[in-house]
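S.K.: The structure's right below; bear with me while I get my questions together.
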Amino acid sequence: MTAPTLQALGLRAGYGATPILKDLTLALPPGGISAIVGANACGKSTLLRCLSRLLRPERGQVVLDGRSVRDMPTRDLARRLGLLPQAPIAPDGITVADLVSHGRHPHQGLLSRWTRADDAAVADALAATRTAELAERAVDELSGGQRQRVWIAMALAQETDILLLDEPTTFLDIAHQVEVLDLLVDLNRGRGTTVVMVLHDLNLAARYADHLIALRDGQIRAAGTPAEVLTEEIVQQVFGLSCVVIEDPTSGRPMMLPRGRHRMTQAHRAPGRDPEPDGTPP
Amino acid sequence: MSLTAPAPLAARVASLRRARSRGRCRIAALIGGLLAVGITLTLSVGHSVTPPLDVVRALTGGDVPGAGFSVRELRLPRAVLATLAGMSFGLGGVVFQTLLRNPLASPDIIGISSGASAAAVVAIVLLGWTGAAVSVAAVLAGLAVALLIYLLAWRDRVSGARLILIGIGISAMLESIIAWVLSRAPAWTLQEALRWLTGSVNGATVDQALPVLLSLGLFGGLLLGLRREIGAMRLSDDTAAALGVPLLRDKALVILAAVGLIAVATAVTGPIAFVAFLSGPVAARVTGPGRAPLGTAALIGALLVLIGDFVGQHLLPARYPVGVVTGAIGAPYLLYLIVRANRQGGHA
Ligand SMILES: Nc1ncnc2c1ncn2[C@@H]1O[C@H](COP(=O)(O)OP(=O)(O)OP(=O)(O)O)[C@@H](O)[C@H]1O
Ligand SMILES: [Mg+2]
């Protein structure tokens with residue numbers, strides 16, 4: 001199977017009069033891992049919702065393997081492209097196994113029955129996210145991190161070529177963040193799944209993604225390899241934050257260290273603006 | 001880390017699923033059994049008590065002196081109508097509650113039942129209509145009320161709490177229309193007035209049951225075909241759409257079917273109080289969480305109407321229509337939910 005190509009062409013989209021995305025064009029590397037980064041409210045979730053056809057763009061289109069997603073039957077699209085929304089809602093008291101089973105929805109027709117392949121896909125998803133031992137628990141009794149892994153399991157059970165994840169690591173402690181991102185790399189290498197995720201942690205994004213997309217105010221400010229995108233200049237433009245970029249000794253990827261107004265050593269203080277290390281005003 | 005689960009895990013997933021579906025079947029069988037008891041009671045008890053064997057003989061066409069007529073012509077239509085209407089209310093109610101993710105969002109709370117009821121009263125009392133025309137008017141009015149509430153509650157997007165409050169207001173207005181129309185029809189008895197205010201299966205005939213049966217077949221069948229989509233809609237809209245549910249179309253179909261069920265039954269029995277509202281939560285309680293309990297809610301609805309009618313006819317000092325009894329059960333639960341919603345800041 002050749003990896004799917006997903007592109008957005010001239011997207012303009014929003015929820016009212018003023019568009020959130022303004023003439024946005026991008027191509028996601030087939031078979032790769034992409035991370036979308038940007039400040040709060042810059043339109044990251046809106047972009048994912050457009051890519052997965054949850055939001056209809058006012059102008060432009062989303063193209064999957066040369067075909068506009070608008071023309072694809074909903075179920076066909078859902079077999080190829082999965083989305084984990086930023087704030088999913090679990091029905092009261094639903095068990096983990098039942099929730100993950102929902103991922104099989106696009107694979108079932110009106111008449112087709114639940115098959116052994118469906119059970120196997122659910123089991124694979126539970127095992128991959130290490131949620132098998134939670135299978136009988138109610139989702140609303142789990143910790144935030146456990147719950148997040150269960151939602152990822154549901155998206156995995158959907159067995160799509162492309163997986164879009166909106167902040168899959170929120171609520172997770174650092175160890176579980178790394179575990180989830182490692183899992184996404186496994187998925188990418190093992191099944192060839194194209195992964196697209198919104199991440200807030202720039203360093204983890206640079207480490208795990210092959211392709212970074214920096215969004216500012218509904219437009220792409222930069223896109224490319226982590227080395228191309230995670231620079232002091234772009235971070236300044238996208239987040240309005242001054243930083244130092246060094247090489248991450250554990251991965252060889254770029255890594256950013258924010259400059260704040262406090263706690264900076266002499267070498268990194270902005271003279272005339274920041275207080276002295278002992279707290280005296282500039 | 002491996003992406004493929006060991007085979008025993010798949011087997012465990014399968015056995016969990018089978019155990020749950022067995023559990024659901026057991027509960028459905030249990031409620032079905034209770035329903036059979038309720039139907040038997042309705043068939044056996046009237047002015048006099050007919051022994052079960054005589055009931056069976058009367059139903060199979062045998063001649064049972066003194067009881068044959070009442071079993072066949074009075075009690076059977078009553079039992080059938082109570083069962084069918086109860087199923088319609090139960091199913092229509094649970095669908096609304098599931099779709100709007102709120103037990104207060106039941107059609108008898110948010111004015112859809114009163115819309116259908118008001119249309120039926122106007123059609124019958126003021127326009128002199130009968131039969132299918134009344135059902136059609138009730139369905140259209142139910143849909144119109146649903147649309148009206150939706151439009152009034154729509155601001156950026158539909159908020160559940162606002163929708164419910166608006167629905168309660170519309171419901172109160174429609175109730176006063178019903179009362180006004182009834183007051184202009186002096187020939188009507190208190191019993192008839194109560195039918196349109198709280199619901200009743202008094203004087204049921206087979207002809208009346210027929211439209212309810214058809215609507216249950218048509219709309220119930222539609223909902224059965226969409227049960228997986230309804231299950232996915234319990235997740236957030238975005239999640240359901242990402243799972244491949246064509247939301248716009250399927251939501252419209254599901255609401256149409258639920259309004260149809262409620263409205264057709266209401267056009268015949270009146271809005272039997274709180275059956276739509278109670279069935280879903282009771283069904284969820286007995287089946288446990290997991291799935292939207294569509295079938296169970298239908299069975300519970302039938303059970304509520306049958307038992308409520310039996311209690312109203314035979315166990316109280318005077319005879320009351322079924323809606324008075326179900327209303328007395330439902331009102332405290334409604335209060336409980338409202339109090340709880342207030343404590344939780346508007347979210348039931
Ligand atoms: N359903 C909606 N209706 C109206 N406006 C919305 C809706 N969803 C998002 N917005 C607005 O669109 C803008 C972009 O929102 P979006 O959710 O895409 O941001 P984001 O980049 O994902 O932010 P975050 O990092 O906080 O998740 C925001 O100003 C937000 O208020
Ligand atoms: Mg977001």
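These protein sequence lines are chains A and B, in that order. Per full-length UniProt numbering, the first sequence starts with residue 1, numbered consecutively. Per full-length UniProt numbering, the second sequence starts with residue 1, numbered consecutively. For glycine and all other residues, C-beta sits at the position ideal for the given N, C-alpha and C.
Can you check whether the C-beta of ALA341 of chain B is within less than 9 Å of a C-beta belonging to chain A?
M.R.: Along the second sequence, read from residue 1 onward, the residue named residue 341 of chain B stands at position 341. Judged by the 9 Å Cβ criterion, ALA341 of chain B is not in contact with chain A.
S.K.: List the residues of chain B whose Cβ lies closer than 7 Å to the Cβ of THR95 of chain A, in chain order.
M.R.: Sequence index remark: in the first sequence, residue 95 of chain A carries index 95 (1-based). By Cβ distance, chain B contributes GLY290.
S.K.: Would you say LEU24 of chain A and GLN219 of chain A are within 9 Å of each other, going by their C-beta atoms?
M.R.: Here residue 24 of chain A corresponds to residue number 24 of the first sequence, with the count starting at 1. Here residue 219 of chain A corresponds to residue number 219 of the first sequence, with the count starting at 1. In contact: LEU24 of chain A and GLN219 of chain A (Cβ atoms closer than 9 Å).
S.K.: Return the Cβ separation of GLU131 of chain A and ARG149 of chain A in integer angstroms, given the expectation that the two are a contact with Cβ distance under 8 Å.
M.R.: For this step, residue 131 of chain A is matched to residue 131 along the first sequence. For this step, residue 149 of chain A is matched to residue 149 along the first sequence. Looking at the sequence itself, residue 131 of chain A is Thr, so the reference to Glu does not match. That pair is a contact at about 5 Å.
S.K.: For the stretch 66–91 of chain A, which residues have a beta carbon sitting closer than 9 Å to at least one beta carbon of chain B?
M.R.: PRO73, THR74, ARG75, ASP76, LEU77, ALA78, ARG79, LEU81, GLY82, LEU83, LEU84, PRO85, GLN86, ALA87, PRO88, ILE89, ALA90, PRO91
S.K.: Go through its chain and collect everything with a Cβ distance to ALA185 of chain B's Cβ below 7 Å, but skip five positions before and after it.
M.R.: Numbered from its first residue, the second sequence carries residue 185 of chain B at position 185. Correct list, in chain order: VAL125.
S.K.: Please classify GLU159 of chain A: is it buried, with 16 or more other beta-carbons within 10 angstroms of its beta-carbon, or exposed?
M.R.: Translated into the one-based positions of the first sequence, residue 159 of chain A becomes position 159. With 16 or more Cβ atoms within 10 Å of its Cβ, GLU159 of chain A is classed as buried.
S.K.: Check whether the stretch 203–219 of chain B and the stretch 66–83 of chain B are in contact - that is, three or more C-beta pairs closer than 8 Å.
M.R.: Flag = yes, the stretch 203–219 of chain B and the stretch 66–83 of chain B touch.
S.K.: Residues bridged to ALA8 of chain A by DSSP?
M.R.: On the first sequence, residue 8 of chain A is found 8 positions in, with the first residue counted as 1. Per DSSP, A:LEU26, A:VAL62.
S.K.: So is the beta-carbon of GLN219 of chain A under 8 Å away from any non-hydrogen atom of ligand 1?
M.R.: Translated into the one-based positions of the first sequence, residue 219 of chain A becomes position 219. GLN219 of chain A Cβ: outside cutoff for every heavy atom of ligand 1.
S.K.: What is the DSSP secondary structure of HIS200 of chain A, reduced to helix, strand or coil?
M.R.: Counting from 1 along the first sequence, the entry for residue 200 of chain A is found at position 200. Looking at HIS200 of chain A - three-state DSSP - the assignment turns out to be coil, as it is neither helix nor strand.
S.K.: Could you tell me which uninterrupted alpha helix (DSSP H) segments, each at least 4 residues in length, are contained entirely in the stretch 30–84 of chain B, listed from first to last along the chain?
M.R.: 52–59
S.K.: Roughly how many angstroms lie between the CA atoms of MET1 of chain B and LEU183 of chain A, to the nearest whole one?
M.R.: Residue numbering aside, residue 1 of chain B sits at position 1 when the second sequence is read from its first letter. Residue numbering aside, residue 183 of chain A sits at position 183 when the first sequence is read from its first letter. Only weak support is given to the placement of MET1 of chain B: the predicted model assigns it a pLDDT of 49, under 50, and the value that follows is read from those uncertain coordinates. Those two C-alpha atoms are separated by around 7 Å.
S.K.: Take the Cβ of PRO65 of chain B as the centre, count every other Cβ of all protein chains shown within 10 Å, and call the residue buried at 16 or more, exposed below.
M.R.: Counting from one through the second sequence, the residue named residue 65 of chain B turns up at place 65. Result: exposed.
S.K.: Is any heavy atom in ligand 1 found nearer than 8 Å to the beta carbon of THR169 of chain A?
M.R.: Stepping through the first sequence from its first residue, residue 169 of chain A is reached at position 169. THR169 of chain A Cβ: outside cutoff for every heavy atom of ligand 1.
S.K.: Return the CA-CA distance between LEU174 of chain B and ILE255 of chain B, expressed in angstroms with no decimal places.
M.R.: By one-based count along the second sequence, residue 174 of chain B stands at place 174. By one-based count along the second sequence, residue 255 of chain B stands at place 255. Using only the alpha carbons, I get a separation of about 20 Å.
S.K.: Taking 8 Å as the cut-off, is the beta-carbon of VAL198 of chain A closer than that to any non-hydrogen atom of ligand 2?
M.R.: By one-based count along the first sequence, residue 198 of chain A stands at place 198. Yes, the beta carbon of VAL198 of chain A sits closer than 8 Å to at least one heavy atom of ligand 2.
S.K.: Should ALA90 of chain A be labelled buried (16 or more other beta-carbon atoms within 10 Å of its own) or exposed?
M.R.: What you label residue 90 of chain A is simply residue 90 of the first sequence in a count that begins at 1. Its Cβ being crowded by 16 or more others within 10 Å, ALA90 of chain A is buried.
S.K.: Mind checking residue 286 of chain A: buried by the 16 CB within 10 Å criterion, or exposed?
M.R.: Outside the modelled stretch of chain A, which goes from 1 to 282, sits residue 286 of chain A, for which no answer is possible.
S.K.: Any beta-carbon of chain B closer than 9 Å to the one on ASP161 of chain A?
M.R.: The residue given as residue 161 of chain A occupies position 161 in the first sequence. No, ASP161 of chain A does not count as interfacial toward chain B.
S.K.: Among residues of its own chain, excluding the 5 on either side of PRO38 of chain A, which ones have a beta-carbon nearer than 7 Å to its beta-carbon?
M.R.: Sequence index remark: in the first sequence, residue 38 of chain A carries index 38 (1-based). Checking the sequence shown, residue 38 of chain A turns out to be Gly, not Pro. Closer than 7 Å at the Cβ level, and outside the excluded window around GLY38 of chain A, lie LYS44, ALA214, LEU215, ARG216, VAL238.
S.K.: Within the 9 Å Cβ cut-off, does ARG78 of chain B reach chain A?
M.R.: The count along the second sequence starts at 1 and reaches residue 78 of chain B at position 78. Not one chain A Cβ lies under 9 Å of ARG78 of chain B.
S.K.: Could you tell me which chain B residues have their CB closer than 8 Å to the CB of ARG49 of chain A, listed as they occur along the chain?
M.R.: In the first sequence, the residue the question calls residue 49 of chain A occupies position 49. Those are ASP238, listed as they occur along chain B.
S.K.: So, for THR50 of chain B: in the same chain, excluding its five sequence neighbours on each side, which residues have a beta-carbon less than 7 Å away from its beta-carbon?
M.R.: For the purposes of this step, residue 50 of chain B is identified with residue 50 of the second sequence, where counting begins at 1. Excluding positions up to five away in sequence, the list reads SER44, ALA67, VAL71.
S.K.: Less than 9 Å between CB atoms is the rule here; does ARG101 of chain B satisfy it with respect to chain A?
M.R.: Taking the second sequence and counting its residues from 1, the one referred to as residue 101 of chain B is at position 101. Against chain A, the CB of ARG101 of chain B has a partner CB under 9 Å away; the residue lies at that interface.
S.K.: Pull up the CB-CB distance for VAL264 of chain B and ALA138 of chain B, whole angstroms please, since I reckon it's below 8 Å.
M.R.: Mapped onto the second sequence, residue 264 of chain B falls at position 264. Mapped onto the second sequence, residue 138 of chain B falls at position 138. With 8 Å as the limit, VAL264 of chain B and ALA138 of chain B qualify as a contact, their Cβ atoms being about 7 Å apart.
S.K.: Check whether chain A comes within 9 Å of GLY93 of chain B, counting only Cβ atoms and requiring the distance to be less than that.
M.R.: Taking the second sequence and counting its residues from 1, one reaches residue 93 of chain B at position 93. No - not a single Cβ of chain A is within 9 Å of the one on GLY93 of chain B.
S.K.: Going by beta-carbon coordinates alone, are ASP250 of chain B and LEU226 of chain B separated by less than 9 Å?
M.R.: As a working note, residue 250 of chain B is residue 250 in the second sequence. As a working note, residue 226 of chain B is residue 226 in the second sequence. Against a cut-off of 9 Å, the Cβ pair of LEU226 of chain B and ASP250 of chain B comes out as a contact.
S.K.: Quick one: give me the first and last residue of the alpha helix (DSSP H) that ILE174 of chain A is part of.
M.R.: For this step, residue 174 of chain A is matched to residue 174 along the first sequence. Segment 174–191, the alpha helix (DSSP H) holding ILE174 of chain A.
S.K.: Which residues, in chain order, sit with a beta-carbon under 5 Å away from any heavy atom of ligand 1?
M.R.: The set, ordered by position in the chain, is A:TYR15, A:ILE20, A:ASN40, A:ALA41, A:CYS42, A:GLY43, A:LYS44, A:SER45, A:THR46.
S.K.: Step through the CB atoms of chain A and report whether any lies within less than 9 Å of the CB of GLY217 of chain B.
M.R.: In the second sequence, residue 217 of chain B corresponds to position 217, counting from 1. No, because no Cβ of chain A sits closer than 9 Å to the Cβ of GLY217 of chain B.
S.K.: Could you tell me if the beta carbon of GLN148 of chain A falls within a distance shorter than 8 Å of some heavy atom in ligand 2?
M.R.: Locating residue 148 of chain A in the first sequence gives position 148, where the first residue counts as 1. GLN148 of chain A: no, Cβ never under 8 Å from ligand 2.
S.K.: Got a sec: is the Cβ-Cβ distance from PRO293 of chain B to anything in chain A below 9 Å?
M.R.: Stepping through the second sequence from its first residue, residue 293 of chain B is reached at position 293. Cβ-Cβ to chain A under 9 Å: no for PRO293 of chain B.
S.K.: First and last residue of the alpha helix (DSSP H) that includes ALA3 of chain A?
M.R.: To locate residue 3 of chain A, count along the first sequence from 1; it is residue 3. First-last for ALA3 of chain A: undefined, no H or E at that position.
S.K.: Using the three-state DSSP reduction, which class does GLU247 of chain A fall into: helix, strand or coil?
M.R.: Residue mapping note: residue 247 of chain A aligns to position 247 of the first sequence, counting from 1. Note: GLU247 of chain A maps to strand in three-state DSSP.
S.K.: Is ALA328 of chain B helix, strand or coil by DSSP?
M.R.: Indexing the second sequence from 1 puts residue 328 of chain B at position 328. In the structure shown, ALA328 of chain B sits in a helix (DSSP, three-state: H, G or I).
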